[in-house]
Amino acid sequence: IKNGFQTYQYDWVWFVHHETSVGILNQLENLVQLGQKYNVKICVDCISSIGAIALNLQGVYLASGVSGKAIGSYTGLAFVFHNHSILPSEYIPLYLDVGRYFITNSIPYTQSWNLLFALQEALQKYDEFTTYEDIKKRYIYMEKKLHEMGLKIVTSKEHTSGLIVTVVLDDIYCSETVGDSLALQGYILHYKSSYLREKNWIQIACFNPYKEREIKMMLSSLACILKEMNPD
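First residue of the sequence shown? That's 1 in UniProt numbering, and the numbers climb one at a time after it.
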């Protein structure tokens with residue numbers, strides 16, 4: 001990216017902060033610094049990181065988020081964060097025109113009260129100030145136990161988001177069969193997406209407030225399933 005900024009003239013760059021496809025967290029602060037150095041506006045998709053890690057959007061031109069994902073509310077509300085004044089545009093549908101929202105300093109159109117109330121309830125968990133640390137602890141615990149089981153994690157410690165564990169299964173296993181078997185025991189993992197099936201990966205999210213006992217039971221079930229599929 002730095003080489004690109006040095007070689008070409010860009011007005012803005014857009015990137016995903018948390019790549020949930022593998023569990024990588026791109027370095028937001030480093031990119032903001034590069035943007036300031038080369039006069040490039042930084043726009044960031046925070047949909048999968050907002051609510052899961054503490055965010056510092058200082059210096060970011062535009063950022064987006066949603067009410068679902070890690071925040072844990074109903075999906076349906078979108079957030080747009082900006083550090084500059086935005087004027088309405090005659091080329092954008094009114095309902096999608098951020099400038100229209102900005103000049104009215106409000107939401108000028110009807111919104112679902114159910115979605116807003118659900119979001120308000122979901123945000124209360126952040127009053128305890130331990131949510132982010134709890135997510136991190138769950139990830140560290142799962143990563144350690146999975147390594148002890150002899151399983152490989154896709155992301156390195158240097159680049160991991162600490163939010164999603166992406167597990168590589170050996171060819172003797174079938175990720176879809178493993179996922180289905182865990183689902184029958186009440187543990188819903190992410191494994192049905194085409195790219196996960198193609199790579200034989202399964203993913204475990206650390207967002208929800210699982211108890212350590214529940215995590216141990218899930219990992220024990222995973223170990224039993226893998227042993228049944230490969231008794232040797």
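From the three backbone atoms N, C-alpha and C, an ideal C-beta is built for every residue, glycine too.
Beta-carbon contacts of residue i that lie in its chain and below 7 angstroms, excluding the five residues immediately before and after
| i | result |
| --- | --- |
| residue 99 | 86, 87, 88, 89 |
| residue 20 | 48, 164 |
| residue 95 | 109 |
Beta-ladder partner(s) of residue i, from DSSP
| i | result |
| --- | --- |
| residue 283 | This structure does not reach residue 283, given that the chain is present from 1 up to 232, and the question cannot be answered. |
| residue 203 | 166, 190 |
| residue 12 | 41 |
Contacts around residue i, its chain only, beta-carbon distance under 8 angstroms, and the 5 residues preceding and following it disregarded
| i | result |
| --- | --- |
| residue 162 | 25, 53, 135, 136, 139, 140, 206 |
| residue 97 | 88, 89 |
| residue 104 | none |
| residue 36 | 59 |
Residue i burial status per 10 Å Cβ neighbour count (16 or more: buried)
| i | result |
| --- | --- |
| residue 189 | buried |
| residue 184 | exposed |
| residue 131 | buried |
| residue 42 | buried |
| residue 50 | buried |
| residue 7 | exposed |
| residue 194 | exposed |
Expected contact under 8 angstroms - CB spacing of residue i and residue j to nearest Å
| i | j | result |
| --- | --- | --- |
| residue 84 | residue 44 | Actually they do not touch by this definition, with Cβ atoms about 15 angstroms apart. |
| residue 68 | residue 74 | 7 angstroms |
| residue 215 | residue 142 | 6 angstroms |
| residue 111 | residue 166 | About 35 angstroms separates the two Cβ atoms, so there is no contact after all. |
| residue 201 | residue 169 | 7 angstroms |
| residue 178 | residue 225 | 6 angstroms |
| residue 173 | residue 218 | At roughly 17 angstroms, the Cβ-Cβ gap does not stay under 8 angstroms, so residue 173 and residue 218 are not in contact. |
| residue 116 | residue 81 | The Cβ separation is near 18 angstroms, so there is no contact. |
| residue 46 | residue 55 | 6 angstroms |
| residue 59 | residue 40 | Contact flag wrong, Cβ pair sits at about 11 angstroms. |
| residue 146 | residue 119 | Contact doesn't hold; Cβ gap of about 33 angstroms is too wide. |
Sequence-distant residues of its chain with Cβ nearer than 6 angstroms to residue i (five each side left out)
| i | result |
| --- | --- |
| residue 79 | 65 |
Per-residue DSSP class, three states only, for residue i
| i | result |
| --- | --- |
| residue 18 | strand |
| residue 182 | helix |
| residue 123 | helix |
| residue 140 | helix |
| residue 25 | strand |
| residue 154 | coil |
| residue 104 | helix |
| residue 7 | helix |
| residue 172 | coil |
| residue 50 | strand |
| residue 160 | strand |
| residue 111 | coil |
| residue 95 | helix |
| residue 30 | helix |
| residue 68 | coil |
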